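Structure record follows, encoded as structure tokens.
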């Protein structure tokens, strides 16, 4: 397996992680709304939502690094 192939695999994994995190965020957002609607405390649910969003940002940044590496490897092949 070449370095480019490894990076492409890493990109696919990163994309899958990002998709799962977005789904978790959507689910947590629904939970926050349901808790608020039913008159429950939403503090911890909102904090979890914020942490999920922060981790998504980190994942997206990591994906960008992988993408840059792929672009450099492709340029080096020319």
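In our numbering, the protein residues as written are 6 to 83. Each residue gets a CB set at the ideal place from its N, CA and C atoms; glycine is no exception. Predicted, not measured: the structure shown is a model, and the values here were computed from it.
Proximal residues to residue i (C-beta, below 7 Å), its chain only, five neighbours per side dropped
i	result
residue 22	64
residue 29	57
residue 19	64, 67, 68, 71
Residue i versus residue j: straight-line alpha-carbon distance, rounded
i	j	result
residue 14	residue 60	21 Å
residue 37	residue 81	48 Å
residue 7	residue 78	10 Å
residue 41	residue 47	6 Å
residue 2	residue 25	What the structure shows of the chain is the stretch from 6 to 83, and residue 2 is not part of that stretch, so it cannot be assessed.
residue 11	residue 39	42 Å
residue 31	residue 55	12 Å
Closest residue to residue i among the options (Cα-Cα distance)
i	options	result
residue 53	62, 34, 45	34
residue 62	76, 16, 27	27
Own chain residues within Cβ distance below 6 Å of residue i, not counting five before or after
i	result
residue 75	12
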